[in-house]
Amino acid sequence: MVGIFVLSAGATIWQTWAATSSGEYRKYRLREPGDDPLAEVDKSRRTFLMVIYIACLWAVYLTGGYGWLIREEATGFAVASVQVVAILLVYDFMFYWMHRAFHTPFLMRHVHYVHHMVCFPTAVDDYFLHPVDAFWVTTIFLLSVAFIGPLSTNTFLATLFVWVFINNILHSGLNWPHPVLKPINFLARMHDAHHGPSTRSNFGSFFPFWDMMFGTYYRNKSDTAL
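Residues in the sequence shown are numbered consecutively from 0, following numbering that gives the first Met the number 0.
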């Protein structure tokens, strides 16, 4: 787990640098920053405190709910793959409705507005959150694991790896040119639109299904597939 979070930190730092540098990677930004209310804000302190807070949440959940989340028996590749996909589907369904609820006036005004102060997201803005936001996102992920699991250690780590890195990608603000990265670009564009031109859409995290099903999908002009 420590290795996954260290890799995530490295990916976050690199993607943030790529999105904010004035070098060759700048051309891959989805949108050029305009009038950003956080442009002059030092995010490092808030980010550091949020990482510590999230680490404490994980420590509490793993200590109290280890038996619900992880078991020692090994799992075959096929079963593990199905479990990973099932967890992400369950998580994303819950995330969609929770995220949509946090866009209601009361919760937006008192909690979720913090995250939406970010108008032009980069990877580090995944951690620019109100503590309540961090709490419910972590909670529903681990509830999804407990609902499908308990998982073998390797399956749990694989699920965590996918979850952590897709969350990094969502806020990257980058659109890479290689066709292999098209699904990654699609997710980044979906969430960038949620922070930009259409904040009342694209509430899902990993999949567009729920937004399409419930009428909240915002389609970028460049999204000719998926």
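For glycine and all other residues, C-beta sits at the position ideal for the given N, C-alpha and C.
| message | Using only the alpha-carbon positions, how far apart do A224 and Y95 sit? | response | Since pLDDT at A224 reaches only 42, below the 50 mark, its modelled position is unreliable, and the value read off the structure follows with that caveat. Distance between the alpha carbons of A224 and Y95 is about 21 Å.
| request: Take W209 as the anchor and find which of Y90, L128, V83 has the nearest alpha-carbon. | output: Y90
| message | Out of V161, N153, V179, P176, which one is the CA nearest neighbour of E71? | response | N153
| said: Does N201 come out as helix, strand or coil in the three-state DSSP assignment? | reply: coil
| request: Sort out for me which residues DSSP pairs S151 with in a bridge. | output: R70
| query | Less than 8 Å separating the beta-carbons of Q14 and L173? | reply | yes
| Contact under 8 Å by Cβ, F202 with R99 | yes
| Spatial neighbours of T46 in its chain, beta-carbon cut-off 8 Å, leaving aside the 5 residues before and after | V123, Y126, F127
| query | S80 to I86, Cα distance in whole Å? | reply | 10 Å
| query | Using the rule of at least 16 other Cβ atoms within 10 Å of the residue's Cβ for burial, across every protein chain shown, is P178 buried or exposed? | reply | exposed
| field | Own chain, CB closer than 7 Å to A8, minus 5 neighbours either side, in chain order | value | none
| query | Where does L61 land, buried or exposed, given buried means 16+ other C-beta within 10 angstroms? | reply | exposed
| query | Does the Cβ-Cβ distance between F155 and L56 come in under 8 Å? | reply | no
| Considering only C-alpha positions, which residue in the set H114, H102, F76 is nearest to T215? | H102
| task | Could you tell me how far apart the beta carbons of H170 and H115 are, in whole angstroms, since I believe they sit closer than 8 Å? | result | Between H115 and H170 the Cβ distance is about 12 Å, and since that is not below 8 Å, they are no contact.
| Which class does L29 belong to by DSSP, given the choice of helix, strand or coil? | coil
| message | Can you list, in chain order, the residues of its chain with a C-beta nearer than 8 Å to that of L141? Leave out the 5 residues immediately preceding and following it. | response | Y60, G64, L68
| request: Could you give the DSSP three-state label for L128: helix, strand or coil? | output: coil
| request: Just the C-alpha distance for T158 and L150, rounded to the nearest angstrom, thanks. | output: 9 Å
| task | Assign V5 to buried or exposed, taking buried as 16 or more other Cβ atoms, counted over all protein chains shown, within 10 Å of its Cβ. | result | exposed
| query | Between R25 and T19, what straight-line distance do the alpha-carbon atoms span, to the nearest angstrom? | reply | 7 Å
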